[in-house]
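Presented below is the structure to which this report refers.
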Amino acid sequence: MAPKKKPESDPHGMFSGMVVFLVPKGVQSRRFQIWKERLVQMGAVIEERFSKRVTHVFAMHSDALLQQLDRERLSRFKGRVLLYQWLEDCLKSGEILSEDMYLLKLDSQGEHIPEKSLDPGLTNQRTSSDLQQLLNKKSKLSTEDTKIVKNESHDDDGKEKAVFSSTSTISSHGEVDSLSYGNTRQQHLDAENEASSLSYHPPDLNKNITEIFGKLVNIYRALGDDRRSFSYHKAIAVIEKLPFKIESTDQINNLPSIGKSMKDHVQEIMTTGKLSKLEHFETDEKVRTISLFGEVWGIGPSTALKLYEKGHRSLDDLRNDDSLTNAQKLGLKYFDDIGQRIPRHEAQEMEHILQKVGEDVLPGVVIICGGSYRRGKATCGDIDIIITHPDGKSHKGFLPKFVKHLKDMNFLREDLIFSSHSEEATDSGVDTYFGFCTYPGRELRHRIDLKVYPRDIYAFGLVAWTGNDVLNRRLRLQAESKGFRLDDTGLFPATQGSGGKRGAKGSASLKFNTEKEIFDFLDFPCLEPHERNL
DNA sequence: AATAATGTGGC
DNA sequence: GCCACA
DNA sequence: TATT
Ligand SMILES: [Mg+2]
Ligand SMILES: [Mg+2]
């Protein structure tokens, strides 16, 4: 017998192991038949029902998908939903491509946003500003958020993570925290996934790799090599999305952000379970010391290096160096304090204290806690306070009085930065205070930032100081792509001249009263604060 | 070899 | 130019 | 470091 030219099914084909369910809607029947045959030829199993065995679903678009399968089932589906295009491209290239770009997602249609519904008699949102909304809420019930906080890994802003966690013989404050990115990816498979998205996060397959890369992210950042740090950051994101455990570098051949060097590292980790490059860093006194020094407020990669070259090796060495700036000395003095995260409810209490004192100093003043608190985090690295006044005028000169009151009552303790522009209307009239505060009755220092914005640019301040940093960068890039420049004081037509100048804004800012108006203008999805933990 | 993840103020 | 902030 |  001659060997078969066209085997009905090849158990070693490139699609072997896949159990697929095909959504025919929107597909030319001829094409549908071809794809079906090719899948079978290459080792896939076609399932006629959307059963538990299914590992992949293919559809032309989300409408077709939803017509065939109900959201409930899909939300529990643990495989992947892909566009037929993936199939097409794989067949064209003759190899399995990354599925990442072909994931079919469902638009969430904002079903169950917990907050915001507490606004029964208020439909005048068309003309309402963020400021007005705050004022309305204030006069109704002061029950702040009943938000549902999920995110456990407090990765966010505030204190940067210790690069080397516990093994430091020099010092280490109580940051438990298994550092870095994708590791603590909870298996929140069912929890609140609902109909929001079908993107499926496999439990830490490849944790072996991403954990190590995550440490390199932090080390390179501490060394000031931001580009390299970010390269690892991107590689982690790509690897985390893979639906399989990497067992050969062939499997990561055409992935974005993963080049020769990354592949070599993956190879080494696969075979030895570790990365000599990392081991080297972690035992290198210079790297360890610079990383530690950089955790001090006011000391960055450059200063840390200089201090190392000066011969310093421990925080105690630094404490005996009088050349440190005052801010750096304070950062050193309260090194451990600052490393303590602030429980959400305490941040909320401090927000209330500030609101009460603020009202005494200037009736009508609006004071809210932004940053990670506003984004709904369970703990906060520091306290960010954003302030304005609805009359558009009396915010001027408020901050110095406010700070004095807060110091008199021992809430504010030491200063890092204090600048006032509101009286002269320089720097867009924004006043700034950076310093330390304490919770009533305690001595533990927390970092606190106070920012006062004129009413007319309040929305920009709110966006910027709610963050997170990643969102801010994305918004600013989006603004740039539209020929604008975004910062915490406004949105400006891009200056033509070299564009590089710092502080040259050319012309006046567009005027927006709400965060939504800013998002909308940039054609950026208007995210609720708790959705801004990017 | 250039570019990439922002823009700003204090120091 | 460094450092901080989101 | 990855990409162009
Ligand atoms: Mg530092
Ligand atoms: Mg913060």
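Each residue of the first sequence is one higher than the one before, starting from 18 at the first, in our numbering.
From the three backbone atoms N, C-alpha and C, an ideal C-beta is built for every residue, glycine too.
The structure presented is a predicted model; accordingly, all values stated were derived computationally and were not measured.
request  = Using the Cα positions of M367 and I402, report the straight-line distance between them to the nearest angstrom.
outcome  = 10 angstroms
query = When we look at the beta-carbon of H297 and count the other beta-carbons within 10 Å, is it buried (16 or more) or exposed?
reply = exposed
query = Quick one: is the Cβ of C107 within less than 7 angstroms of any heavy atom of ligand 2?
reply = no
query = Which value, in whole angstroms, describes the spacing of the CA atoms of K522 and D106?
reply = 46 angstroms
inquiry  = Within the continuous alpha helix (DSSP H) that includes P319, where are the two ends?
reply    = Residue identity differs from the one stated: residue 319 is Ser in this sequence, not Pro. P318 to E326 is the span of the alpha helix (DSSP H), which, as asked, contains S319.
ask   = When DSSP labels each residue in this structure, what does H29 get in the three-state scheme?
value = coil
task = Check whether the Cβ atoms of Y101 and F75 lie closer than 8 angstroms to each other.
result = yes
request  = Using 7 angstroms as the cut-off, classify the Cβ of V180 as near or not near the heavy atoms of ligand 1, replying yes or no.
outcome  = no
inquiry  = Could you check whether H406 and L379 sit closer than 8 angstroms to each other, using their CB atoms as the reference points?
reply    = yes
key: Cutoff 6 angstroms; reference F94; Cβ partners in own chain excluding five residues on either side   = none
ask   = Per DSSP, C397 is paired with what?
value = I359
ask   = Near M426, what residues of its chain come up, given a Cβ to Cβ distance below 8 angstroms and the 5 sequence neighbours on each side ignored?
value = V374
Contacting residues, own chain, Cβ-Cβ under 7 angstroms from H329 (five flanking each side not counted) = L335 and D338
Where K263 falls: helix, strand or coil (DSSP) = Before going further, note that residue 263 is Ile rather than Lys in the sequence given. Three-state result, I263: coil.
inquiry  = Excluding the 5 residues flanking A239 on each side, which residues of the same chain have their C-beta closer than 7 angstroms to its C-beta?
reply    = V180, I307, S308, G311 and P318
ask   = Is M279 closer than 8 angstroms to A252 when the C-beta atoms are compared?
value = yes
ask   = Hey, P510 and G520: beta-carbon distance below 8 angstroms or not?
value = no
request  = Express the C-alpha separation of L508 and E497 in angstroms, rounding to a whole number.
outcome  = 10 angstroms
query = If we count the other Cβ atoms within 10 Å of its Cβ and call it buried at 16 or more, is P360 buried or exposed?
reply = exposed
message = As a quick exercise: from G96, D399, R502 and Q149, pick the residue whose alpha carbon is nearest that of V593.
response = With the chain running from 18 to 551 in the structure shown, residue 593 is simply not present.
request  = Return the chain-ordered list of same chain residues with a C-beta closer than 8 angstroms to the C-beta of L494, the five sequence neighbours on each side being excluded.
outcome  = none
Pairwise C-alpha distance: F247 and S274 = 10 angstroms
task = Give the straight-line distance between the Cα atoms of V417 and S437, rounded to the nearest whole angstrom.
result = Note that residue 417 corresponds to Pro in the displayed sequence, not to Val. Distance between the alpha carbons of P417 and S437: 8 angstroms.
key: Unbroken alpha helix (DSSP H) run spanning F541, endpoints   = No alpha helix (DSSP H) contains F541, which DSSP labels as neither H nor E.
ask   = Is the segment 85-92 touching the segment 47-63 in the sense that three or more CB pairs, one from each, lie closer than 8 angstroms?
value = no
key: Contact check, D505 vs G478, beta carbons under 8 angstroms   = yes
query = Is the closest heavy atom of ligand 2 to the C-beta of G388 under 7 angstroms?
reply = yes
request  = Work out the CA separation of G276 and L108 for me, nearest whole Å.
outcome  = 24 angstroms
Residues bridged to V98 (per DSSP) = V74
query = Ordered along the chain, which non-local residues of its own chain (more than five positions away) have a Cβ less than 8 angstroms from that of F529?
reply = A476, F477, L508, I535 and F538
ask   = Nearest to E116 by CA position, among I269, T512 and S265, is which residue?
value = I269
message = I'd like to check one pair, A344 with G387: are the Cβ atoms closer than 8 angstroms?
response = no
task = Count the other C-beta atoms from every protein chain shown that fall within 10 angstroms of the C-beta of C397, then say buried if there are 16 or more, exposed otherwise.
result = buried
task = Would you tell me roughly how many angstroms separate the C-alpha atoms of S145 and K533, rounded to the nearest one?
result = 11 angstroms
Cβ separation of R462 and F453, assumed to be a contact under 8 angstroms, to the nearest whole Å = 4 angstroms
inquiry  = Going by DSSP in three states, T443 sits in which element: helix, strand or coil?
reply    = coil
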